[in-house]
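Chains as they are written, first to last, in my numbering: chain Y, -1 to 313; chain X, 4 to 709; chain U, 3 to 317. Glycine included, C-beta positions come from ideal geometry on N, C-alpha and C. Being a predicted model, the structure only gives us computed values, none of them experimental. Below: the structure, in structure tokens.
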Amino acid sequence: MTGYIIRRVLQSLLVVILVSIVTFLLTDLLPGGPARAILGPKATAQQIQDFIHANGYDRPLPVQYGIWVNNILHGNFGYSVKLNQSVGDLIVDRLPKTIVLMAISIGVALIIAVPLGIYQARRRNTIGDYTVTTLSFIFYAMPSFLLGLLLVLVFSTDLGWFSPTAPQTGNIGQILSQFNSLVLPVATLALITIATFSRYMRSSVMENLAQEYVRTALANGATDRRVMVVHVLRNALIPIATLLGLSLPALVAGAAITESVFNYPGMGYTFINEAEVRDYPTILGIALVISVATVIGSLLADIAYAALDPRVKYS
Amino acid sequence: MTIDPLGSGHEGSGPVLDVQDLRTEIAVSNGAVHAVDGVSFTVNRGELLGVVGESGCGKTMTALSIMRLLPAGGEIAGGRVLLGGEDLAAMSDREIRKVRGKRIGMVFQDPMTSLNPTIQIGRQVAEPLKLHTDLSAQQINDRVIEVLELVGLPQPAKRLSAFPHELSGGMRQRVMIARALACDPELLIADEPTTALDVTIQQQILELIDDLRSRLGMAVILVTHDLGVIAGRADRVAVMYAGRIVEVTDTNRLFGNPRHPYTEALFEALPENAAETGDKLYSIPGLPPDLVAPPVGCRFAARCRYATDQCRAEDPPLRGDIAGHDYACFFPVGDPEMQSATQTHQIRRHDTGSTENGVAESVREAKPLLEVKHLVKTFPITAGAVLRRKVGNVSAIADVSFTVADGETFGLVGESGCGKTTIGRSIVGMEKADSGAIRIDGTEFTSLHGRELRQRQRDTQLIFQDAYASLDPRMRVGSILAEPLVIHGVGTRASRTERVNELLGEVGLPRSAADRYPHEFSGGQRQRIGLARALALQPKLIVADEPVSALDVSIQAQILNLMSDLRRRHGLTYVFISHDLSVVRYLANTIGVMYLGKLVEIGPAEAVYNRPHHPYTRGLIDTIPVADPWASRAKNEDGVRGELPSAVNPPSGCRFRTRCPFAQEICAKEEPRLKSYGTEGHRAACHFPLEVGVGAAAGDGMAASN
Amino acid sequence: MTTPPQPEQLQPIPDLVPGAAATKPLEQQDQPVRPMWRMVLQVFLQNKLAVVGLGVVVFFVLFCFLGPLIYHSNQVLSNLRTADLPPGSPGFPLGSDDVGFDELGRLMVGGQSALEIGLAAAAIATVFGSLWGAVAGYLGGWVDAVMMRIVDTFLAIPSLFLVLLLASIITPTEGLLILVIAFSAWLGPARLVRGETLSLRTRDYVQAVKMMGGGNRRAILRHILPNAIGTIVVNATFQVADAILTLAALTFLGFGIAPPHADWGGMLSNGTNFTSNGYWWMIIWPGLCIVLIVVAFNFLGDALRDAFEVRLRKR
């Protein structure tokens, strides 16, 4: 298993390097060249000339890449003219907020989706199963911005139960304390995640119920309940780790839109806002960090899978 | 084993299990399958009842009905299942759960999938104890170790925390048996317990079940498709066909004097019964009936050579002329007067004055068609995080040489993982050997590339074990048969269509088959399609890799006969690969025996079979279940012990030494070379070869047993 | 927005019941030969959800492309006198938006781009991704390693970020939006088909091609891809749904084709400005359209998956 993990780590490292190359090359593709894109339309020709020279944009590509990587490794993601702030500082401020939102939402989603999927598998093809299936289809098909809007319309505008906007400022502790403001963004992200996970859990449980080891357990005199709790549940849950890793990019995207809908100052909200005004240093920096975070998340999911399933030894 | 923690002594008279007129139906889209249709039988304490039949006959459904573990849609529609007088069929779910695992233990076919992959074996064996006893954790732990020891798992205390995938197939099945026996049940039901295992392991597991039965005094129901498996073990046998028992009696009588035409036909279809003569096998025509709407009258009538109008109109009852031998037939075959089993045996016994069969003589002079010289193939095992460095080799073929004469059938025998399949694949060019030469008709072909290689490949074709898997499910049979012609640019579209029709005729399929898809055919028919495809390019040599091992006996006979016919008609040469020595012996002129990548013995079929010189060959012959209770019992004590060592680091010297009863120091140091013995072309690689006489196996063994 | 990776399992498996004679012997078959697609179609049509899904898709195609020919409405000139009309107003059955465009007519026109872009992007992504995956999986070795690291790299960048980045660089037109969406969508089928190929290439019938002397091209095009068609077609329907969602997200966030071009995401985005005014129809109608079409394609995909599996189970 250690071998597997080491190989998986190195593979992830390779992907991170490739992602950095792609991001770097995108900088070069920017309209009007990197300097114009970064300094903005108001910059003078002299400013651009100086910028190009100072940042090495007149050197060969590999050298430029080297400089760029070196900067990033030192936390220097460039400077956002539009926000008048260093991109590195911006990310340090925003990344934890996104992680908090996602962690809470995924946690809530798992707590609801797993029992729901088991319920559906046990009561398959009953009214209850059909209802949940239909609902999960609808939530699955619903764009997060629409779901967020509807939740705001119903629970904030009409009923006035929760705040229509997410916590705006403060550190993580302060954000967590603003429960009322967190409910709707978390609900938005969680509902969509539940739709995916409960569908998966349902088929995973059903698949395991059809396995021969279930018949063996029954032949030993086990009750249906015991079969579910002792035998099936564990085997059905293990692949959830993989599913989590696989759906991480989609979850990140969902989180971004949710942040945007609720004005939650995380990575996604910042990215979308700055993309609109073509603030390239910021959006490239965020894209890079988000990608690396996704790779790390997937890696952790795979390691969790390997740790949970005794069959995984090599490869 | 003295401890009886449950205090559930199995006293009392009368049968342990009494099944009366059991009917089981399974709902399907177009009605209900009458999977078990009026089955009655009893099993007594300490008795081993064999239930035998071909796939789909209802034997497994009978076993599952007893436990009430039917698949979705399955339901017991009628009858009683009396366990010690209590009707299991009428019990509530709660009551039946108290029977499962406590009073009846069950072992399934595939131990890999039947054990929970993510739970340690110790906990799995403990499950029935937890459910049915009040034992403390410590007591349960002790009992688990005790039963694991009982089933022969080495060092059970250390293995408690092992996961199923960490054990070998044979050991996993032992764990399954331990799990079934943990609560000391009155009845053990074993459903094809050895079908997924190698012959040498099969022998060990059967022996274990037999031994446990006599030691624990359990009743055992052994469900199998293999007449050989029950012959040496069962006290009584029930033969099932199309959801019913067609004949039931004690083992000796059944094998000595079968009365039902179906039973008789099954015996005649066995290749071992025609091995000496090389006669055409009897094959039962047609296929079993559809059990959604079973035919009126005798269900076997449509395939029976003796059937009359009465058979087709009336249902024959299950009864007999003498006590203890019942059969469902109006016109029983065999001898109604026969009482004593041994007498009958002598009548049915074949004359074993073994001469080599006619075909073998005639090809002896022929020139070699296939020459395999010093073939070596290793598969590297890689590990390491970054650079996949090689950590070892699986030695699949280690310096194997043999020649096959034109028109000959060469049988290659061995257990799984011995390299026989790799040799087959190398011959047809699907695998590239590391070194050594393969010559077809004098042309070296391992060094060829590209077009030339492809041209040579026309001469050698392969038939796969799983015919269905070898046919593209998305292609019509016509396109499948034409594909080799298209690849090699043979003929026009019209001429290819003609050739396809011709090929279908060759293998006995109607022309309309060309428009159908593989899934519309039965197993035997699919293997015919596989044969037709292999013939398309008019090859000289056909490599058949276990072509009949997935088929039922009666269908197997059809395919073996067809292969013989085709050989005669087209002058084909076969390399016939199989784990089943009796099939190989029937078909082959020459037999090569492989063990862990080495050819350990080779020679004329009869010589190898009757006078083996290598202890492994001898052991293999002894482990094959033979459908002859007298022969089986005579040789029960022999066989190959232990498990196949890993091919990653094969034993030094003689690779068989770790399991050989005669192994000495030299065997570990020096690799034995093939040396000639007696009959021409008979060679074996052993430092301590068996002398003729000592190794006189099955043939003489049978005679001696009388 | 990924689809759950595990195929649903159907419960009772009647074809595997021994004695059921699922494959009638040749001699006993009297009905004419039925091509495989008809069997798939038959099972497909037995599925009620599938028929509903198909119905909804057909409805939207007619609604969007034939609708404007029958129902004429003004979508070019803004008219503040007809602005903000609630549904049921004369001449405006579904109401009007803030500049006086008729909602019903706008939904028709807006749906055109959703369907066109969704279908085209899914088609490109499916064809390209399937070929990529099949070639990588079949050839294996370093070719596979290189090809799949490329996939991993782009997969690591959450698709929304990738698409937004690209959309912020280019000036979107319908053709470019198709390419941008397809560029992030082909990764899914590539990975899926590669996985399928890895298992298919060890099948005896693919091995048999080698034995007969056939080449790689033949193995991939004649055997692997046709046998992966179930996976590919099923995934393609989910791809359409995902592409429509991605497009809606893009246009919602303001990265769509510039006005007066109409699309559902843009309508929705515009509607969010008036939630506090109680103009619910500006959100509900486009939202409903998006959810309906996405659910419909998901139903289709699920039903197709079941249909293909039943066929494969007949052995």
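Close Cβ partners of residue i (< 7 angstroms) along its chain, the five nearest in sequence each way excluded
| i | result |
| --- | --- |
| U:A123 | I180, I183, A184, A187, A245 |
| X:R48 | H13, V19, G220, A222 |
Contact list for residue i against chain B, beta-carbon separation under 9 angstroms
| i | result |
| --- | --- |
| U:N300 | No chain B appears in the structure shown, which is made up of the protein chains Y, X and U. |
Residues that residue i contacts on chain Y, provided the C-beta gap is smaller than 8 angstroms
| i | result |
| --- | --- |
| X:N724 | The requested residue 724 of chain X does not occur in the structure, where chain X is confined to residues 4 to 709. |
| X:P131 | N218, G219 |
| X:L219 | Under the 8 angstroms cutoff, chain Y gives no residues; its nearest Cβ is about 18 angstroms from X:L219. |
Cutoff 6 angstroms; reference residue i; Cβ partners in own chain excluding five residues on either side
| i | result |
| --- | --- |
| U:L28 | Model confidence at U:L28 stands at a pLDDT of 43, short of 50, so the residue's coordinates are unreliable; what they give is reported in the following sentence. So no residue of the chain qualifies. |
| X:A470 | R529, Q530, G533 |
| X:Q460 | G432 |
| Y:Y63 | F22 |
| X:E364 | Interpretation of X:E364 is limited by its pLDDT of 43, a score under 50 that renders its predicted location unreliable; no figure is taken from the coordinates. |
| Y:L144 | none |
Classification of residue i by the beta-carbon crowding that lies within 10 angstroms, buried from 16 upward
| i | result |
| --- | --- |
| X:Q176 | buried |
| Y:I109 | exposed |
| X:T381 | buried |
| Y:H317 | No statement about residue 317 of chain Y is possible, as the shown extent of chain Y runs from -1 to 313 and does not include it. |
| X:N276 | buried |
| U:D206 | buried |
| X:F579 | buried |
| U:R83 | exposed |
Chain U residues whose Cβ lies nearer than 7 angstroms to that of residue i
| i | result |
| --- | --- |
| X:E486 | M214 |
| X:L318 | Per the sequence shown, residue 318 of chain X should be read as Asp rather than Leu. What X:D318 touches in chain U: nothing, since even the nearest Cβ is about 18 angstroms away. |
| Y:E274 | G256 |
Within chain Y, the residues that residue i reaches when beta carbons sit closer than 7 angstroms
| i | result |
| --- | --- |
| X:M70 | A217 |
| X:G104 | A217, N218, G219 |
| U:D265 | Neighbours of U:D265 on chain Y: none; closest Cβ ~13 angstroms, over 7 angstroms. |
Where residue i meets chain X, residues with beta-carbon distance less than 7 angstroms
| i | result |
| --- | --- |
| Y:P308 | T121, F166 |
| U:H225 | D475 |
| U:Q209 | M433 |
Closest residue to residue i among the options (Cα-Cα distance)
| i | options | result |
| --- | --- | --- |
| X:A326 | X:P297, X:P292, X:R256 | X:R256 |
| U:G217 | X:L569, X:H452, X:A185 | X:H452 |
| X:M179 | X:R71, X:L190, X:P167 | X:P167 |
| X:E604 | X:G595, X:A610, X:Y612 | X:G595 |
| U:L141 | U:L294, U:R203, U:G90, U:G102 | U:R203 |
| Y:G126 | Y:R200, Y:V150, Y:W66 | Y:R200 |
Residues near residue i by beta carbon distance below 8 angstroms, same chain, minus five either side
| i | result |
| --- | --- |
| U:V145 | V137, A138 |
| X:G289 | A305, R306 |
| X:S679 | H685, R686 |
| X:A38 | T27, E28, I29, G61, M64, G77, G246, L294 |
Interface partners of residue i on chain Y, CB under 9 angstroms
| i | result |
| --- | --- |
| X:D113 | E210 |
| U:A250 | P141, F143, L144 |
| X:H616 | Within 9 angstroms Cβ-Cβ: nothing; X:H616 doesn't reach chain Y, min ~41 angstroms. |
Chain-ordered neighbours of residue i on chain U, where CB pairs are closer than 9 angstroms
| i | result |
| --- | --- |
| X:D469 | D206 |
| Y:L395 | This structure leaves residue 395 of chain Y out entirely; chain Y is present only between -1 and 313. |
Chain-ordered chain X contacts of residue i [CB-CB under 8 angstroms]
| i | result |
| --- | --- |
| U:N237 | The contacting residues do not exist; U:N237 stays about 18 angstroms from chain X at best. |
| U:R220 | I490 |
Start-end ranges of the alpha helix (DSSP H) lying completely within the stretch 189 to 221 of chain X, minimum 4 residues: 202 to 219
Contained alpha helix (DSSP H) runs [length at least 4] in the stretch 404 to 468 of chain X, N- to C-terminal order: 423 to 430, 453 to 460
Within the stretch 227 to 275 of chain U, ranges of the alpha helix (DSSP H) (whole runs, at least 4 residues): Listed in chain order, the alpha helix (DSSP H) runs fully inside the stretch 227 to 275 of chain U are 231 to 254, 266 to 273, counting runs of at least 4 residues.
Sequence ranges, alpha helix (DSSP H) only - wholly within the stretch 518 to 555 of chain X, length at least 4: 526 to 538
Every unbroken alpha helix (DSSP H) within the stretch 100 to 175 of chain Y, with a cutoff of 4 residues, ordered by chain: 125 to 139, 142 to 149, 170 to 175
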